[in-house]
Amino acid sequence: MKLKLSLFLFLFFSNISFFYSQKVGIISDINSKMGYVVFKGELFTEKPIFEKDINYDLIDFLHQYYTDKNISSKNINPTGISFNGVFSKEIERFRNVCKENNLDQLLIISKNKSYTSNDPMLIYSSLNHELGIEAYVKTKTRAIMYGNFRIYLYNLADHTIKDVVSNVYIPHRFKGPVFDDKNYDLINDEVKKLFADDLEKLVTRKMDKFYSK
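Everything in the sequence shown is counted per this note's numbering, starting at -2 for the first residue and increasing by one.
Put into structure tokens, the structure is as follows:
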């Protein structure tokens, strides 16, 4: 009985040790800085008339997420990653990247590159930011958090890839105007904080499915 208990405890703590010593590489082809854009026009035909950076970075948050989980993470920039879809050759390349960089997993952040004619994400295809806050000239108290990208998680141990986040679209209405009528600058301090919180909660909830044991 003592032998079985000792074996169980050994395996249990070995698994915990493995989990908390994982190494993750983050690969991205998006602009991970949050943007802010104002659109003008009718629904589905809107055109961006103003765009700028906001002081927030998605990848910084992802590193903090892993730090909180006691998991080591680092940015890597391997050659030969096409970001054009998840196919068998691409998955094989992920395995090689893990082995070359002594990693257990890859977190891949890829911007959308293909759209249908009625795809609502199409309006973001020409922007400088794949992640951002959008506002509209016609509805000054409304804003949307958009994320024109997907996040995948590749696991070396079982050679599988999972879909973590696929596009982001979070609308909110505010009591006052979101931007200045004259220069379109963001004037509502609540907007950035609310959307950053929303984004982090969404990503955390999705990521926890793979890391909360």
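A virtual CB, placed ideally from N, CA and C, is assigned to each residue, including glycine. Source: prediction; values computed, not measured.
Tell me whether residue i sits in a helix, a strand or coil according to DSSP, three-state version.
i      : result
PHE176 : strand
VAL35  : strand
GLU43  : coil
LEU124 : coil
ALA132 : strand
LYS49  : strand
PHE7   : Confidence at PHE7 is low in this model, with a pLDDT of 41, below 50, so the placement of that residue is unreliable and no value is reported for it.
PHE192 : helix
LYS159 : strand
ILE184 : coil
TYR208 : helix
LYS198 : helix
LEU153 : coil
ILE56  : helix
LYS203 : helix
Less than 8 Å between the beta carbons of residue i and residue j, yes or no?
i      : j      : result
ASP101 : LYS20  : yes
VAL161 : MET118 : no
ILE105 : TYR63  : no
PHE58  : GLU197 : yes
HIS169 : LEU191 : yes
TYR181 : PHE91  : no
LYS189 : ILE51  : yes
LEU124 : GLY32  : yes
GLY173 : THR138 : yes
ALA193 : TYR53  : yes
VAL175 : LEU199 : no
Which residues in the same chain as residue i place their Cβ atom closer than 7 Å to its Cβ, once the five residues preceding and following it in sequence are excluded?
i      : result
ASP195 : MET142, ILE167
LYS108 : ASP26, ILE27, GLU127, ASN145, PHE146
LEU163 : Looking at the sequence itself, residue 163 is Ser, so the reference to Leu does not match. Excluding sequence neighbours, SER163 sits near ARG147.
Kindly give me the distance between the Cβ atoms of residue i and residue j, rounded to whole angstroms, as I take these residues to be in contact under 8 Å.
i      : j      : result
GLY22  : LEU103 : 5 Å
TYR112 : PHE36  : Actually they are not in contact, since the Cβ atoms of TYR112 and PHE36 sit about 17 Å apart, beyond 8 Å.
ALA131 : VAL34  : Contrary to the premise, residue 131 reads as Glu rather than Ala in this sequence. With 8 Å as the limit, GLU131 and VAL34 qualify as a contact, their Cβ atoms being about 5 Å apart.
Residues in its own chain within less than 8 Å of residue i by CB, not counting five upstream and five downstream?
i      : result
ASN74  : ILE24
ILE88  : TYR151, HIS156, ILE158
SER122 : ASN109, TYR112, ASN145
PHE207 : LEU150, LYS159, VAL161
PHE171 : THR138, ARG139, ALA140, ASN185, GLU187, VAL188
What does a CB cutoff of less than 6 Å around residue i pick up in its chain, not counting 5 residues either side in sequence?
i     : result
ASN72 : ILE23
HIS60 : SER70
SER29 : ASP54, LEU55, ILE56
Quick one: which unbroken alpha helix (DSSP H) runs of 4-plus residues sit fully inside the stretch 58 to 101? Chain order, please.
85 to 97
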